[in-house]
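Below is one structure, written out as structure tokens, with a few remarks after it.
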Amino acid sequence: MKIYNIFKPRGLTSAQVVNRLKRSLGKSIKKIGHFGTLDPFATGVLLVATDSATRLNELVHASFPKTYLAVGKLGIATDSGDYTGEEKSRDDSEFLKTVIAHFDRKFIQESIQDKFLGTYWQAPPAFSATKFQGKKLCDWKRQGVEIKKQPVERFIHEIEVVHFRFPYLSLRVQASSGTYIRTLFEDIAVHLGTVGTLVGLMREQVGDACSRAGIPLALFEDQRDAKSILMTDFFKFKKVILSLEDSIAYGHGNPVTLSEESKSIEEERVWVYSNQQELLGLGLLQQGGLIKVIFNLPVPQKG
Numbered sequence: 000m001k002i003y004n005i006f007k008p009r010g011l012t013s014a015q016v017v018n019r020l021k022r023s024l025g026k027s028i029k030k031i032g033h034f035g036t037l038d039p040f041a042t043g044v045l046l047v048a049t050d051s052a053t054r055l056n057e058l059v060h061a062s063f064p065k066t067y068l069a070v071g072k073l074g075i076a077t078d079s080g081d082y083t084g085e086e087k088s089r090d091d092s093e094f095l096k097t098v099i100a101h102f103d104r105k106f107i108q109e110s111i112q113d114k115f116l117g118t119y120w121q122a123p124p125a126f127s128a129t130k131f132q133g134k135k136l137c138d139w140k141r142q143g144v145e146i147k148k149q150p151v152e153r154f155i156h157e158i159e160v161v162h163f164r165f166p167y168l169s170l171r172v173q174a175s176s177g178t179y180i181r182t183l184f185e186d187i188a189v190h191l192g193t194v195g196t197l198v199g200l201m202r203e204q205v206g207d208a209c210s211r212a213g214i215p216l217a218l219f220e221d222q223r224d225a226k227s228i229l230m231t232d233f234f235k236f237k238k239v240i241l242s243l244e245d246s247i248a249y250g251h252g253n254p255v256t257l258s259e260e261s262k263s264i265e266e267e268r269v270w271v272y273s274n275q276q277e278l279l280g281l282g283l284l285q286q287g288g289l290i291k292v293i294f295n296l297p298v299p300q301k302g
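Heads up: the sequence shown begins at 0 in the working numbering, then just goes up one per residue.
Next comes the structure, spelled out in structure tokens:
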């Protein structure tokens with residue numbers, strides 16, 4: 000029931016990283032998965048969960064925006080939106096060379112901030128893990144079929160021009176889960192009057208997990224007792240303690256009602272414990288002290 004903050008290296012898919020961790024952990028785990036795909040060319044925070052912690056996947060996406068450091072090149076566009084794809088267009092205009100090339104950092108900051116901060120509608124790129132009829136768009140594309148999906152609403156919390164030295168533009172972006180930074184950079188390039196593609200991408204942070212504290216994959220494989228994050232520490236919900244009878248009922252998926260002294264807790268989600276300090280699962284606290292099961296762990300036994 001742990002979460003590992005792995006620093007994903009360039010050149011591996013997220014699934015390949017998970018498979019290597021699975022081999023390293025061996026039979027000590029029954030289930031493993033990651034909280035959000037990183038493209039093979041990208042690096043940085045890849046959160047990998049084991050056993051019951053994998054159930055937090057949707058909650059992670061809903062609760063935490065993700066911060067990225069992106070480096071893009073203006074004047075060139077690729078079919079994938081990054082340097083690994085094939086060039087599809089190039090801007091050789093005088094406007095690019097004589098105007099855009101001389102934009103200052105402050106001008107770009109104000110321009111893209113006014114345009115992109117807040118609600119942002121984005122269509123998933125053709126090379127992506129977004130699915131259509133049960134198959135990833137990238138798999139359709141590799142078969143020669145390009146599926147164009149309707150734009151979906153995303154949210155840009157922060158956007159900062161870190162550096163601009165033409166033709167390279169570096170941005171730090173904090174965005175809602177599901178935002179494709181490749182597509183965002185393409186849209187920014189168009190807004191500035193040209194085309195663009197990513198040449199580097201690092202996920203810097205998800206919640207309290209940051210790239211500086213990420214465990215290098217090779218180090219994890221060498222030291223299988225690598226530091227992990229307990230899921231109760233990753234989500235700092237308050238905890239409630241149940242009697243033995245209520246613990247068993249909760250473990251069977253039945254809602255229970257808190258004692259009077261515990262009904263003042265205001266959080267909607269709470270970690271549920273037995274009176275023996277065993278973690279029973281995650282619950283949804285409702286009006287009147289009723290706790291409904293979000294997920295539970297093995298049922299405590301009497302005696």
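Glycine included, each C-beta is placed from N, C-alpha and C at the ideal position.
*asked:* Counting C-beta neighbours from all protein chains within 10 Å, is the total for HIS33 16 or more, i.e. buried, or is it exposed?
replied: By 1-based counting over the sequence shown, the position of residue 33 is 34. By the 10 Å Cβ count, HIS33 comes out buried.
*Taking 9 Å as the cut-off, decide whether the C-beta atoms of GLY71 and GLY213 are in contact.*
Looking up residue 71 in the sequence shown gives position 72. Looking up residue 213 in the sequence shown gives position 214. Against a cut-off of 9 Å, the Cβ pair of GLY213 and GLY71 comes out as no contact.
_My output table needs one value for GLU157: the three-state DSSP class, helix, strand or coil._
Taking the first residue of the sequence shown as position 1, residue 157 is located at position 158. DSSP places GLU157 in strand when its eight states are reduced to three.
_Pairwise C-alpha distance: PRO150 and PRO123_ = Numbered from its first residue, the sequence shown carries residue 123 at position 124. Numbered from its first residue, the sequence shown carries residue 150 at position 151. Straight-line spacing of the CA atoms in PRO123 and PRO150 works out to 7 Å.
*Just how far apart, CA to CA, sit LEU183 and GLN275?*
Residue numbering aside, residue 183 sits at position 184 when the sequence shown is read from its first letter. Residue numbering aside, residue 275 sits at position 276 when the sequence shown is read from its first letter. About 50 Å.
*Which residues in the same chain as PHE236 place their Cβ atom closer than 8 Å to its Cβ, once the five residues preceding and following it in sequence are excluded?*
Here residue 236 corresponds to residue number 237 of the sequence shown, with the count starting at 1. Within the same chain, PHE236 has close Cβ partners GLU266, ARG268, VAL269, TRP270 and LEU281.
*Return the first residue and the last residue of the beta strand (DSSP E) that MET201 is part of.*
For the purposes of this step, residue 201 is identified with residue 202 of the sequence shown, where counting begins at 1. Here the beta strand (DSSP E) through MET201 covers 195-205.
*Would you say ILE107 and VAL160 are within 9 Å of each other, going by their C-beta atoms?*
Along the sequence shown, one-based indexing puts residue 107 at 108. Along the sequence shown, one-based indexing puts residue 160 at 161. Going by C-beta atoms, ILE107 is nearer than 9 Å to VAL160.
*To the nearest angstrom, report how far apart PHE219 and PHE6 are at their CA atoms.*
In the sequence shown, counting from the first residue as 1, residue 219 sits at position 220. In the sequence shown, counting from the first residue as 1, residue 6 sits at position 7. If I take the Cα positions, the gap works out to 10 Å.
*Got a sec? Which residues, its chain only, sit under 7 Å from GLY10 by beta carbon, not counting five neighbours each side?*
Looking up residue 10 in the sequence shown gives position 11. The answer, listed in chain order, is PRO39.
*asked:* Under DSSP, the alpha helix (DSSP H) around LEU58 begins and ends at which residues?
replied: On the sequence shown, residue 58 is found 59 positions in, with the first residue counted as 1. Annotation for LEU58: the continuous alpha helix (DSSP H) segment containing it runs 56-62.
_Limits of the beta strand (DSSP E) - the one that ILE31 falls within_ = Start at 1 with the first residue of the sequence shown, and residue 31 comes out as number 32. DSSP places ILE31 in the uninterrupted beta strand (DSSP E) bounded by 31-33.
*Any idea what DSSP makes of GLU86, helix, strand or coil?*
Start at 1 with the first residue of the sequence shown, and residue 86 comes out as number 87. Correct three-state label for GLU86: strand.
*Give the range of the beta strand (DSSP E) segment to which ALA14 is assigned.*
Translated into the one-based positions of the sequence shown, residue 14 becomes position 15. Unbroken run through ALA14 is the alpha helix (DSSP H), 13-24; no beta strand (DSSP E).
*Count the other C-beta atoms from every protein chain shown that fall within 10 angstroms of the C-beta of ASN18, then say buried if there are 16 or more, exposed otherwise.*
For this step, residue 18 is matched to residue 19 along the sequence shown. The residue is exposed, with fewer than 16 neighbouring Cβ atoms inside 10 Å.
*Residues that GLU152 bridges to, as DSSP identifies them*: Along the sequence shown, one-based indexing puts residue 152 at 153. Its beta-bridge partners are TRP120.
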